[in-house]
Amino acid sequence: SGDNKEAVVPGLFAAGECACASVHGANRLGTNSLTDLLVFGKSSGNSTVEFLKQNASHKDLPRDAGELTRERLDRLNNQTNGESVAEVGAALRQTMQKNCGVFRFPDLLVNGVTEIKEVEQRVMRTEIGDKSKVFNTARIEALELDNLIEVAMASLISAEARKESRGAHDRADYAERDDQKWLKHSLWFKEGNRLDYKPVHMEPLTAETIDPKVRTY
1 SGDNKEAVVP GLFAAGECAC ASVHGANRLG TNSLTDLLVF GKSSGNSTVE FLKQNASHKD
61 LPRDAGELTR ERLDRLNNQT NGESVAEVGA ALRQTMQKNC GVFRFPDLLV NGVTEIKEVE
121 QRVMRTEIGD KSKVFNTARI EALELDNLIE VAMASLISAE ARKESRGAHD RADYAERDDQ
181 KWLKHSLWFK EGNRLDYKPV HMEPLTAETI DPKVRTY
């Protein structure tokens, strides 16, 4: 945002697995997130302190700031005769496993977007049996399913647009990595269903940066 290329959302800081830190490149091995957590946990904490020095108070929120959240909760509280969250969640998993696995094909990625949109309509009709307001895990799972639809769309659309293979993204029709065009992070925005990109910083700080290399086993 402005002069700060890192500020996708000013005032929002991320560390660990929810951030684009790229310590491990385009494919982090499972259970190996300690570096991201420690290094960028400290970095985001320091950046938060500096941000607060210039932004000591919150900006005024619009009057309708909480309406979307209320609408999501009201839908779950009032829905009757809907599908179970488990059934629709299984449909989402099956759609992603079929269309957006490690080995990716353009026709399947496009088909995946269509199928996820159909699953999204089913998500809007999910019902929870437990409507209690205290420690309601059923409600949490339903809200998480809402969020997973956006994660699925971001994965499919970004993968279809990325005309190369990199890390765990293996395109059958683009077998080689293309650093000239695709050494960058993909950012999907729900508003307008658009893609944008964030640079991968290669400038060394205290140690030399490791250049991208072919992944071999």
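In this text, residue positions in the sequence shown follow my numbering: the first is 1, and each later residue adds one.
Every residue gets a Cβ at the ideal spot worked out from N, C-alpha and C, and that includes glycine.
Use the C-beta contact count for residue i: other C-beta atoms within 10 angstroms, 16 or more gives buried, fewer gives exposed.
| i | result |
| --- | --- |
| C100 | buried |
| V119 | buried |
| V134 | exposed |
| I140 | exposed |
| H169 | buried |
| R70 | exposed |
| R166 | buried |
| M202 | exposed |
| E160 | buried |
| D211 | exposed |
How is residue i classed by DSSP in three states: helix, strand or coil?
| i | result |
| --- | --- |
| T221 | The structure shown does not extend to residue 221, since the chain is modelled only from 1 to 217, so the question has no answer here. |
| G2 | Residue confidence is low: G2 scores 49 on pLDDT, short of 50, so the model does not pin down where it sits. No coordinate-derived value is stated. |
| L156 | helix |
Would you check if the distance between the CB atom of residue i and the CB atom of residue j is smaller than 8 Å?
| i | j | result |
| --- | --- | --- |
| V200 | K184 | yes |
| W188 | I149 | no |
| F13 | S44 | yes |
| T126 | Q79 | yes |
| M153 | V102 | no |
| V88 | L145 | yes |
| A15 | L37 | yes |
| S186 | R171 | no |
| K131 | N77 | yes |
| A90 | R122 | no |
| V49 | T35 | no |
Within the continuous beta strand (DSSP E) that includes residue i, where are the two ends?
| i | result |
| --- | --- |
| K184 | K184 to F189 |
| L195 | R194 to P199 |
Alpha helix (DSSP H) containing residue i: first to last residue?
| i | result |
| --- | --- |
| K133 | No alpha helix (DSSP H) holds K133; DSSP gives it neither H nor E. |
| G41 | L34 to Q54 |
At which residue ranges does the region 59-119 contain complete alpha helix (DSSP H) runs of 4 or more residues, listed in the order of the chain? Whole alpha helix (DSSP H) segments, 4+ residues: 67-78 and 85-99.
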